[in-house]
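Participant: Per this note's numbering, the sequence shown starts with residue 10, numbered consecutively.
Backbone N, C-alpha and C fix where the C-beta goes; we use that ideal spot for every residue, glycine too.
None of these values were measured; they are calculated from a predicted model.
I have a structure here, written as structure tokens, and I will follow up with some questions on it.
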Amino acid sequence: MKSTFLFLFIALAIAGCDYVDDPTPPGTGGGGNNGGDTVKRRALLEEFTGHRCNTCPAAHAVAANLSTAYGEDLIVVAIHATNFFAAPVDPPAANGSYSTDFRTPAGDAYATTFNVSFLPTGLVNRVPFNSSTTIGSGNWSSAIAEIVDADAACDIWVDELVYNSGANTVSAVVKVAVLQAITGAHNLTIYLTEDHVIDWQLNSLVSPPDVPNYDHRHVLRTNLTGTWGSSLITASAAVGDTLTLSVPPVSMDPAWNGTECALVAYLYNVSSNEILQATERKFQP
Numbered sequence: 010m011k012s013t014f015l016f017l018f019i020a021l022a023i024a025g026c027d028y029v030d031d032p033t034p035p036g037t038g039g040g041g042n043n044g045g046d047t048v049k050r051r052a053l054l055e056e057f058t059g060h061r062c063n064t065c066p067a068a069h070a071v072a073a074n075l076s077t078a079y080g081e082d083l084i085v086v087a088i089h090a091t092n093f094f095a096a097p098v099d100p101p102a103a104n105g106s107y108s109t110d111f112r113t114p115a116g117d118a119y120a121t122t123f124n125v126s127f128l129p130t131g132l133v134n135r136v137p138f139n140s141s142t143t144i145g146s147g148n149w150s151s152a153i154a155e156i157v158d159a160d161a162a163c164d165i166w167v168d169e170l171v172y173n174s175g176a177n178t179v180s181a182v183v184k185v186a187v188l189q190a191i192t193g194a195h196n197l198t199i200y201l202t203e204d205h206v207i208d209w210q211l212n213s214l215v216s217p218p219d220v221p222n223y224d225h226r227h228v229l230r231t232n233l234t235g236t237w238g239s240s241l242i243t244a245s246a247a248v249g250d251t252l253t254l255s256v257p258p259v260s261m262d263p264a265w266n267g268t269e270c271a272l273v274a275y276l277y278n279v280s281s282n283e284i285l286q287a288t289e290r291k292f293q294p
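This is how it looks when you write it as structure tokens:
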């Protein structure tokens with residue numbers, strides 16, 4: 010599998026391009042996966058939460074502990090959703106509490122599609138666990154274990170990432186290596202997340218429960234490829250295929266801290282919504 014360096018060279022020549030990621034696929038030593046090593050699935054925990062959900066911080070702690078335990082085998086994305094728990098206070102409070110709107114159109118669409126009726130809850134590769142796609146935090150560990158123990162049908166990585174602070178844009182090239190024959194339509198979705206966002210959070214674990222400087226982790230900010238991603242496989246893909254999706258520069262909100270941002274990319278089955286494989290790449294290594 011050959012890496013493309015032309016894009017890298019051009020990116021370095023552009024003033025203001027702060028971060029350009031190493032285009033080497035993770036865990037391949039630069040040569041790609043030649044079938045000698047079995048690639049395991051990585052788990053993507055889409056954690057539905059809200060800044061006015063007083064029981065959500067306990068679930069945040071569960072996710073943090075699981076991240077420590079699983080390392081790079083687990084990717085966590087916090088999706089702030091539902092009007093009751095995630096909407097800003099209206100009218101605004103004098104002290105500015107709960108005035109931030111962390112919701113995204115994609116997050117709202119996922120909450121509707123997957124029938125998110127309570128918080129905290131989560132999806133683990135959008136695979137049902139105990140007959141339910143939405144999974145309470147007490148079952149996240151078991152659901153994740155089932156995913157990471159399985160062989161992957163493909164591997165995925167962010168081959169190139171350019172963050173331009175001067176233009177406040179990010180662009181990327183994502184690649185997928187097919188390890189098992191894949192049939193059916195599959196889309197590739199790319200999230201932009203921001204870590205360590207300090208803001209208000211209702212927290213039943215502390216007193217007083219209104220916490221003004223809560224550390225919000227891996228917050229979904231936007232989708233670079235739309236809510237349901239871009240088509241990557243229309244009918245089938247054969248073992249040995251390498252598929253590429255290039256994303257031109259996308260503007261970022263100036264309020265976001267680029268040094269804390271990352272891209273999360275995943276390939277999923279359009280019919281079942283199951284996520285085959287996921288990866289995360291931070292703007293700043």
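Quick check: what's the CA-CA separation for Asn139 versus Arg226?
Facilitator: As a position in the sequence shown, residue 139 is number 130, starting the count at 1. As a position in the sequence shown, residue 226 is number 217, starting the count at 1. Pairing Asn139 with Arg226, the inter-Cα distance amounts to about 27 Å.
Participant: Starting from the N-terminal side, write out each stretch of the alpha helix (DSSP H) that is 4 residues or longer and does not extend beyond the segment 48-105.
Facilitator: 65-79 and 92-95, all fully within the segment 48-105.
Participant: Which residue spans inside the segment 124-178 form an unbroken beta strand (DSSP E) run of at least 3?
Facilitator: 130-133 and 163-173
Participant: Under DSSP, the alpha helix (DSSP H) around Thr122 begins and ends at which residues?
Facilitator: For the purposes of this step, residue 122 is taken as the residue at position 113 of the sequence shown. If you look at Thr122, you'll find it in the alpha helix (DSSP H) that goes Pro114 to Thr122.
Participant: Using only the alpha-carbon positions, how far apart do Thr77 and Val48 sit?
Facilitator: In the sequence shown, counting from the first residue as 1, residue 77 sits at position 68. In the sequence shown, counting from the first residue as 1, residue 48 sits at position 39. Approximately 20 Å, taken between the alpha carbons.
Participant: Closest by CA to His195, which one among Ala244, Ala118 and Ala274?
Facilitator: Here residue 195 corresponds to residue number 186 of the sequence shown, with the count starting at 1. His195 has its Cα closest to that of Ala244, out of Ala244, Ala118 and Ala274.
Participant: Using a Cβ distance threshold of 8 Å, determine whether the segment 167-186 contacts the segment 204-213, with at least three qualifying pairs required.
Facilitator: Too few Cβ pairs lie closer than 8 Å, so no.
Participant: What does the Cβ neighbour count give for Ala103, buried or exposed, with the cut at 16 atoms within 10 Å?
Facilitator: Within the sequence shown, numbered from 1, the residue matching residue 103 stands at position 94. Label assigned to Ala103: exposed.
Participant: Which one of Asp110, Glu56, Thr130 and Val279 has the shortest CA to CA distance from Val98?
Facilitator: Here residue 98 is taken as the residue at index 89 of the sequence shown, counted from 1. It is Asp110.
Participant: Using the C-alpha atoms, what's the distance from Val167 back to Asn42?
Facilitator: Counted from its first residue, the sequence shown places residue 42 at position 33. Counted from its first residue, the sequence shown places residue 167 at position 158. Residue placement at Asn42 is poorly supported in this model, since its pLDDT is 47, which falls under 50; the coordinates are not used for a value here.
Participant: Can you say whether Gly44 is buried or exposed, counting buried as having 16 or more other CB atoms within 10 angstroms of its CB?
Facilitator: Looking up residue 44 in the sequence shown gives position 35. Low local confidence applies: a pLDDT of 45 at Gly44 is under 50, so the model's placement there is unreliable, and no value is given.
Participant: For a test of the three-state rule: what should DSSP assign to Thr202, helix, strand or coil?
Facilitator: Numbered from its first residue, the sequence shown carries residue 202 at position 193. Note: Thr202 maps to strand in three-state DSSP.
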